[in-house]
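One structure is given below, encoded as structure tokens.
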Amino acid sequence: MAETSAAPILMISDPRSDYALVDSGHGRKLERYGKYHFIRPEPQAMWAPASDDWQADGEFIPASDDDGGGRWHLGKNVPAEGWQMDWEEVRFTAQCTPFRHLAYFPDMDPVWRWFRGNLQDVESPQMMNLFGYTGVGTLALSAAGANLVHVDASKKSVTAARDNAALSGMTDRPIRWIIDDAAKFSAREVRRERRYDAILMDPPKYGRGPDGEIWRLEEHLAGLVENCGKLLDGDSRCLFLTVYAVRMSALALGSLLNEKLAHLGGTIEVGELAVREEARGMLLPTAIFARWSA
95 MAETSAAPIL
105 MISDPRSDYA
115 LVDSGHGRKL
125 ERYGKYHFIR
135 PEPQAMWAPA
145 SDDWQADGEF
155 IPASDDDGGG
165 RWHLGKNVPA
175 EGWQMDWEEV
185 RFTAQCTPFR
195 HLAYFPDMDP
205 VWRWFRGNLQ
215 DVESPQMMNL
225 FGYTGVGTLA
235 LSAAGANLVH
245 VDASKKSVTA
255 ARDNAALSGM
265 TDRPIRWIID
275 DAAKFSAREV
285 RRERRYDAIL
295 MDPPKYGRGP
305 DGEIWRLEEH
315 LAGLVENCGK
325 LLDGDSRCLF
335 LTVYAVRMSA
345 LALGSLLNEK
355 LAHLGGTIEV
365 GELAVREEAR
375 GMLLPTAIFA
385 RWSA
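According to my numbering, the sequence shown is numbered sequentially starting from 95.
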């Protein structure tokens with residue numbers, strides 16, 4: 095049985111040269127992505143902002159219903175094709191997407207650094223990134239020496255990830271780019287008796303696979319975690335699971351990992367991801383997580 099830490103942990107993304115949470119409040123947030131500033135909805139910012147005068151290059155206006163829709167109102171200076179940003183050695187294209195995101199999740203910064211720390215003494219560690227999106231995390235770990243399997247159901251996202259690899263000068267890195275349903279791919283990896291040193295899982299609440307497969311977090315997460323546990327062994331180092339936009343506790347995620355990864359021993363910790371506001375140092379929570387390490 096793995097040891098479970100009782101105290102929740104905060105993993106905080108601090109302001110950086112290419113990204114900052116500038117200010118937040120009244121259900122919105124002002125962020126800097128490279129040289130551009132954007133306003134987006136943020137229900138958890140229930141406090142008042144530090145300033146009432148927000149200057150932005152664009153704002154996402156949500157739809158009146160709760161389905162997550164809406165549209166961007168952008169200034170003429172925001173390039174429709176995107177603009178380059180940096181994360182350590184990684185170069186990537188940020189862009190305003192129809193789903194209010196900007197093709198990059200800056201709150202994952204401490205997660206990628208946590209993986210680097212856990213894998214630093216492993217020679218050419220084998221790692222899988224499930225729901226890998228536009229590949230910034232994949233490239234962040236590849237740059238540190240890991241061999242990656244990057245899995246995402248969206249052909250568009252995987253294409254963007256490969257483009258980011260080219261932008262970073264990392265097309266020759268040992269990365270397998272897989273367009274597939276994460277649950278099906280993981281199950282096949284179990285049947286192939288593959289093993290990994292580390293696994294990163296960043297599943298959505300709801301999604302569709304390339305062949306129309308339906309993903310519902312509450313229904314399918316347990317099976318996916320169980321299969322990922324079978325891909326780890328006594329020499330493996332770590333697994334990280336994040337969950338966004340869902341009514342679920344980090345403690346529930348920790349209990350799930352404890353059940354499915356019991357054979358590995360090690361330590362399970364739970365907590366929240368947060369971004370530190372530049373204006374006042376306030377912490378804006380973004381996601382819950384559970385993580386296992388040997």
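We put the beta carbon where it would ideally sit given N, CA and C, even for glycine. Source: prediction; values computed, not measured.
Collapsed DSSP secondary structure at residue i in the structure displayed
| i | result |
| --- | --- |
| V230 | helix |
| M376 | coil |
| P156 | strand |
| D257 | helix |
| E366 | strand |
| A384 | strand |
| L104 | strand |
| V252 | helix |
| L196 | coil |
Span of the beta strand (DSSP E), counted from its first residue to its last, around residue i
| i | result |
| --- | --- |
| G123 | For the record, residue 123 in the displayed sequence is Lys; it is not Gly. Taken as a continuous stretch (DSSP letters only), the beta strand (DSSP E) holding K123 covers R122 to Y127. |
| H82 | Absent from the model: residue 82. The displayed extent of the chain is 95 to 388, so no value can be given. |
| D329 | Where D329 is concerned, there is no enclosing beta strand (DSSP E), given that its DSSP letter is neither H nor E. |
| Y300 | Y300 to R302 |
| D117 | Y113 to G119 |
| D180 | W177 to W181 |
| H131 | Y130 to P135 |
| G270 | It should be pointed out that residue 270 corresponds to Arg in this sequence rather than to Gly. It spans I269 to I273 - the beta strand (DSSP E) in which R270 sits, taken as one unbroken run. |
| G164 | G164 to L168 |
| N171 | Counting along the chain, N171 falls outside any beta strand (DSSP E), and DSSP gives it neither H nor E. |
| L224 | Q220 to L224 |
| A292 | A292 to M295 |
Environment of residue i [buried if 16+ CB atoms lie within 10 Å]
| i | result |
| --- | --- |
| R134 | buried |
| Y397 | Outside the shown range of the chain (95 to 388) lies residue 397, about which nothing can therefore be said. |
| P200 | buried |
| I103 | exposed |
| A356 | exposed |
| K249 | exposed |
| G317 | exposed |
| I362 | buried |
Element boundaries [alpha helix (DSSP H), containing residue i]
| i | result |
| --- | --- |
| W208 | D203 to L213 |
| T187 | No alpha helix (DSSP H) holds T187; the beta strand (DSSP E) holding it covers V184 to A188. |
| L351 | A344 to K354 |
| L311 | L311 to K324 |
| A277 | A276 to R285 |
8 Å contact criterion, which residue i and residue j should meet: CB distance rounded
| i | j | result |
| --- | --- | --- |
| I269 | L294 | About 13 Å; that fails the 8 Å criterion. |
| A237 | M264 | 7 Å |
| C332 | A388 | 7 Å |
| W206 | A188 | Between A188 and W206 the Cβ distance is about 16 Å, and since that is not below 8 Å, they are no contact. |
| G365 | A344 | 6 Å |
| V184 | S262 | 5 Å |
| A368 | D117 | A368 to D117, Cβ: 15 Å. No contact. |
| P297 | L315 | 6 Å |
CB contact below 7 Å: residue i versus chain C
| i | result |
| --- | --- |
| W309 | Given the protein chain composition of this structure (a single chain), no chain C is represented. |
If contact is defined by three or more beta carbon pairs under 8 Å, each pair taking one atom from either stretch, is the stretch 230–245 in contact with the stretch 305–314?
no
Does the pairing of the stretch 277–286 with the stretch 250–259 give three or more beta-carbon distances under 8 Å?
no
Quick check: the stretch 122–130 against the stretch 204–224, are at least 3 beta-carbon pairs closer than 8 Å?
no
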